[in-house]
Amino acid sequence: MMLFTIGAVVMRAAGCVVNDLWDRDIDAQIERTRKRPLASGQLSVQAAIFFLICLCGLGLAALVQLPVISWGVGIAALPLVVLYPLAKRFTDWPQLILGLTFSWAIPVAAVVLWQSWPPVGLWLIYAGCVCWVVGYDTIYAIQDMADDRLTGVRSSALALGSYIRWGVSLFYLLAIAFLAAGFWDLLGAGVWLGGLGLMTGHLAWQVCQIKTDDPASALQLFKSNRNAGLILSAGLFCNLLS
Numbered sequence: 000m001m002l003f004t005i006g007a008v009v010m011r012a013a014g015c016v017v018n019d020l021w022d023r024d025i026d027a028q029i030e031r032t033r034k035r036p037l038a039s040g041q042l043s044v045q046a047a048i049f050f051l052i053c054l055c056g057l058g059l060a061a062l063v064q065l066p067v068i069s070w071g072v073g074i075a076a077l078p079l080v081v082l083y084p085l086a087k088r089f090t091d092w093p094q095l096i097l098g099l100t101f102s103w104a105i106p107v108a109a110v111v112l113w114q115s116w117p118p119v120g121l122w123l124i125y126a127g128c129v130c131w132v133v134g135y136d137t138i139y140a141i142q143d144m145a146d147d148r149l150t151g152v153r154s155s156a157l158a159l160g161s162y163i164r165w166g167v168s169l170f171y172l173l174a175i176a177f178l179a180a181g182f183w184d185l186l187g188a189g190v191w192l193g194g195l196g197l198m199t200g201h202l203a204w205q206v207c208q209i210k211t212d213d214p215a216s217a218l219q220l221f222k223s224n225r226n227a228g229l230i231l232s233a234g235l236f237c238n239l240l241s
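Position one of the sequence shown corresponds to residue 0 (numbering that gives the first Met the number 0), numbered consecutively onward.
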């Protein structure tokens with residue numbers, strides 16, 4: 000568990016550094032991001048690259064402590080980490096790349112646990128997490144819609160436009176459906192259904208609160224997904240104890 004925590008934290012941080020390196024010129028033009036260390040000039044590119052190398056070294060050190068069978072799956076995440084910051088330049092759906100990247104810890108953990116290729120249920124859970132990320136990061140992107148139009152940055156929020164509530168609803172529904180199918184395949188019926196049901200209610204509440212003209216509200220809705228994750232985790236923990 001500690002190795003997974005270290006790996007997840009340092010690789011998430013590495014992804015943020017890569018993102019800020021690619022976007023430093025764009026970030027300088029956007030109100031929300033212009034004070035970031037690279038965009039504002041407080042941190043040099045050389046220092047950021049050095050920090051990135053250190054983070055990747057820590058991530059590699061954690062990875063090699065895991066069974067050899069998981070190494071290839073872990074390394075496969077690197078292209079996604081690099082691709083995400085570039086995706087917003089050539090696709091309206093960079094949030095999909097983000098979802099694929101952020102959720103990659105699931106197949107890595109599954110390979111370690113099963114010592115073989117992950118079962119279908121795990122891939123369904125992975126798909127559910129990807130859709131969940133696309134949904135909540137679309138909400139997050141509402142904050143930058145005006146600036147993104149000016150700078151040419153693309154996002155699912157801009158692509159959906161006035162249909163953003165419908166779009167987020169679709170991805171959240173897919174997330175719940177995939178998660179339900181995956182957990183059912185692996186666990187069968189159980190207490191986890193209650194946690195997933197409460198999570199569904201929370202996501203529905205988020206959709207009802209979406210306002211494209213209120214960036215502050217979008218940020219709070221995005222952050223509330225922490226609660227959605229805790230609800231699901233509590234349900235799974237109770238299922239483990241039952």
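Heads up, the beta-carbon is just placed ideally off N, CA and C, and yes, glycines get one too.
Taking the Cβ atom as the reference point for each residue, do residue i and residue j lie within a distance shorter than 8 Å?
i: Met144; j: Ala156; result: yes
i: Val133; j: Gly98; result: yes
i: Phe221; j: Tyr162; result: no
i: Ala12; j: Tyr139; result: no
i: Gly181; j: Ile124; result: yes
i: Gln198; j: Ala179; result: It should be noted that the sequence gives Met, not Gln, for residue 198. No; because the gap between Cβ atoms is not below 8 Å, this pair is not in contact.
i: Val9; j: Pro66; result: no
i: Val167; j: Thr211; result: no
i: Gly194; j: Leu235; result: yes
i: Ser241; j: Gly160; result: no
i: Leu51; j: Val16; result: yes
i: Ala61; j: Leu2; result: yes
Ends of the alpha helix (DSSP H) at residue i?
i: Arg164; result: Ile163 to Leu186
i: Thr100; result: Pro93 to Phe101
i: Val81; result: Ala76 to Phe89
i: Lys34; result: Segment: none, Lys34 is in no alpha helix (DSSP H) and carries neither H nor E.
i: Ile242; result: A query on residue 242 cannot be resolved here, the shown segment of the chain reaching from 0 to 241 and no further.
i: Trp116; result: Per DSSP, Trp116 belongs to no alpha helix (DSSP H) and is neither H nor E.
i: Arg225; result: Asn224 to Leu240
i: Ile48; result: Val44 to Leu62
Could you tell me how far apart the beta carbons of residue i and residue j are, in whole angstroms, since I believe they sit closer than 8 Å?
i: Leu57; j: Ile5; result: 7 Å
i: Leu82; j: Ala47; result: About 19 Å; that fails the 8 Å criterion.
i: Arg153; j: Asp91; result: 5 Å
Drop a sphere of 10 angstroms on the beta-carbon of residue i, count the other beta-carbons inside from all chains shown, and report buried for 16 or more, exposed for fewer.
i: Pro117; result: buried
i: Phe177; result: buried
i: Ser69; result: buried
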